[in-house]
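There are 2 protein chains.
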Amino acid sequence: MHNSIVGYGSTVTDDLVLRRQVCFALYAASRALTDVYRPILDRLGLTYPQYLVLLVLWERPDDAPTVSELGAELRLDSGTLSPLLKRLEAAGLVVRQRSARDERRVEVGLTEQGRALRQQVDDVPLRIARATGLGIAELVELRDTLTRVTDTIHRQKEQ
Amino acid sequence: MHNSIVGYGSTVTDDLVLRRQVCFALYAASRALTDVYRPILDRLGLTYPQYLVLLVLWERPDDAPTVSELGAELRLDSGTLSPLLKRLEAAGLVVRQRSARDERRVEVGLTEQGRALRQQVDDVPLRIARATGLGIAELVELRDTLTRVTDTIHRQKEQ
DNA sequence: CACAATTGAATTGTGCACAACCGATCCGAC
DNA sequence: GTCGGATCGGTTGTGCACAATTCAATTGTG
Chain A
0 MHNSIVGYGS TVTDDLVLRR QVCFALYAAS RALTDVYRPI LDRLGLTYPQ YLVLLVLWER
60 PDDAPTVSEL GAELRLDSGT LSPLLKRLEA AGLVVRQRSA RDERRVEVGL TEQGRALRQQ
120 VDDVPLRIAR ATGLGIAELV ELRDTLTRVT DTIHRQKEQ
Chain B
0 MHNSIVGYGS TVTDDLVLRR QVCFALYAAS RALTDVYRPI LDRLGLTYPQ YLVLLVLWER
60 PDDAPTVSEL GAELRLDSGT LSPLLKRLEA AGLVVRQRSA RDERRVEVGL TEQGRALRQQ
120 VDDVPLRIAR ATGLGIAELV ELRDTLTRVT DTIHRQKEQ
């Protein structure tokens, strides 16, 4: 039973083999892709999570989402985002300011420099996609499957 | 062009949308799955990467691989593994000892307690697989696609 | 044998990632 | 208006993850 993952007709020994676990494949692939990003983003002075935050901000240039709205999009909490946003602010790419209506909220907006950076990452998605060695159809299917998994897990957690 | 990922027939604006990037899907799914593991492994006093190290050791109970061999399997370097292995040793699950033939090498072996822990994780893969909401065929396909991506990336890096 | 180059692990420093906790602000019921 | 609970962001502490460096042990070469 070479393809067993969860014990259907295989021994327990088989199931615990590292290479057969989806979870390890996911964990390793995620770090491998980050490795592809690293040299590209290094030249921009960005880390991968910082790049993701900028992606959200570039999506809605006039919005200035709050920290928790960013967290909802990226599924990251304030313990991760607060210091990350401070570094982006120190780099001159974003501004953080308390909301006038609700002093608890902190709105995160792009600076001119942050807006301008967008031009320099236009070709990044294509370069990353090439590095995976997958075709368009496979990439789309992979993305949709992964998104489904993530959504399933988070839906279960809310209940 | 709703499914565009890398610019085939879509505008640049589309390509940079967060939800359309495979990389974010991968990153989010990996963290979501780690969230599923957390409560399960917490009761065993393990973190997810520690669990992965044990998986490798359980695969070859009489082998006592070196730190670098562990790193090759898991694609982690000594900067990550050294402190992690120290914690596993402090927990009484593994032993580290310098190789007799080559004093530079450190061999990592299981203790009785580490061996015994294996019985308590037998059902973990099944529980994780269920949490994904995917069927067996989908899981196998997902795993194989991800493994292919990881291997492609690492092959490119060696050249 | 000598010694330069390589290898293996550990250490240091930076940046996530998350749990747990804190303080300030807001909101609703009274 | 006020008080209790909820919300929001920040801080602290722990544990990866990786680059860069260090140092000891080993290997290759003359």
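Protein chains in written order, with numbering that gives the first Met the number 0: chain A, 0 to 158; chain B, 0 to 158. Ideal placement from N, C-alpha and C gives every residue a C-beta, glycine not left out. All of these numbers come straight from a predicted model, not from anything done at the bench.
### Task
Could you tell me the distance, in whole angstroms, from the CA atom of residue 139 (chain B) to the CA atom of residue 17 (chain A)?
Residue 139 (chain B) and residue 17 (chain A) have their alpha carbons spaced roughly 14 Å apart.
### Task
Determine the direct distance from the alpha carbon of residue 97 (chain B) to that of residue 103 (chain B), and round the result to whole angstroms.
Between the alpha carbons of residue 103 (chain B) and residue 97 (chain B) lies a gap of roughly 7 Å.
#### Entry: is_contact[residue 132 (chain A), chain B] using C-beta, thresh 8 Å
Judged by the 8 Å Cβ criterion, residue 132 (chain A) is in contact with chain B.
### Task
Please confirm if the region 36 to 43 of chain A is in contact with the region 116 to 134 of chain A, defined as three or more CB-CB distances below 8 Å between the two stretches.
Because the criterion of three Cβ pairs below 8 Å is met, the region 36 to 43 of chain A and the region 116 to 134 of chain A touch.
### Task
Could you tell me whether the Cβ of residue 155 (chain A) comes closer than 8 Å to any Cβ of chain B?
Yes, residue 155 (chain A) counts as interfacial toward chain B.
### Task
Taking residue 70 (chain B) as the reference, give the member of B:118, B:54, B:119 with the closest Cα.
The option with the nearest alpha carbon to residue 70 (chain B) is B:54.
### Message
Assuming residue 109 (chain A) is part of the beta strand (DSSP E), what are its boundary residues?
### Response
Segment 105 to 109, the beta strand (DSSP E) holding residue 109 (chain A).
### Contact set between residue 152 (chain B) and chain A, taken where Cβ atoms lie within less than 9 Å
Within 9 Å Cβ-Cβ: 28, 31, 32, 34, 35, 130, 131, 132.
### Query
Going along chain B, which residues have a C-beta under 7 Å from residue 20 (chain A)?
Within chain B, the residues 124 have their CB atoms less than 7 Å from the CB of residue 20 (chain A), given in chain order.
### Under 8 Å between C-beta atoms of residue 65 (chain A) and residue 21 (chain A)
For the 8 Å CB-CB criterion, residue 65 (chain A) and residue 21 (chain A) do not form a contact.
### Query
Nearest to residue 87 (chain B) by CA position, among B:28, B:49, B:101, B:60, is which residue?
Checking every option, the nearest Cα to that of residue 87 (chain B) belongs to B:49.
### Message
Buried or exposed, going by whether 16 or more other CB atoms sit within 10 Å of the CB of residue 113 (chain A)?
### Response
The residue is buried, with at least 16 neighbouring Cβ atoms inside 10 Å.
### Query
Quick one, are the C-beta atoms of residue 25 (chain B) and residue 107 (chain B) less than 8 Å apart?
Residue 107 (chain B) is positioned such that its CB atom lies no closer than 8 Å to that of residue 25 (chain B).
#### Entry: Close beta carbons around residue 157 (chain A), own chain, < 8 Å, minus the five adjacent residues each side
Answer for residue 157 (chain A): no residue qualifies.
### Message
Looking at residue 132 (chain A): is its Cβ nearer than 8 Å to the Cβ of residue 148 (chain B)?
### Response
In this structure, residue 132 (chain A) places its C-beta atom within 8 Å of the C-beta atom of residue 148 (chain B).
### Message
Under 8 Å, CB to CB, which of the residues in the region 50 to 68 of chain B have a partner in chain A?
### Response
Hits within the stretch, in order: 51, 54, 55, 57, 58.
### Query
Taking just the CA atoms, how far does residue 58 (chain B) sit from residue 23 (chain B)?
Rounded to the nearest whole angstrom, the C-alpha separation of residue 23 (chain B) and residue 58 (chain B) is 32 Å.
### Under 8 Å by beta carbon: chain A residues contacting residue 137 (chain B)
Those within 8 Å of residue 137 (chain B) in chain A are 144.
### Task
Could you tell me whether the Cβ of residue 127 (chain A) comes closer than 8 Å to any Cβ of chain B?
The C-beta of residue 127 (chain A) comes closer than 8 Å to at least one C-beta of chain B.
### Message
Under DSSP, the alpha helix (DSSP H) around residue 66 (chain A) begins and ends at which residues?
### Response
Judged by DSSP secondary structure, residue 66 (chain A) falls within the alpha helix (DSSP H) whose first and last residues are 66 to 73.
#### Entry: is_contact[residue 24 (chain A), chain B] using C-beta, thresh 8 Å
So, interface residue.
### Query
Out of curiosity, what's the CA-to-CA distance linking residue 52 (chain B) and residue 73 (chain B)?
Counting only the Cα atoms, residue 73 (chain B) lies some 8 Å from residue 52 (chain B).
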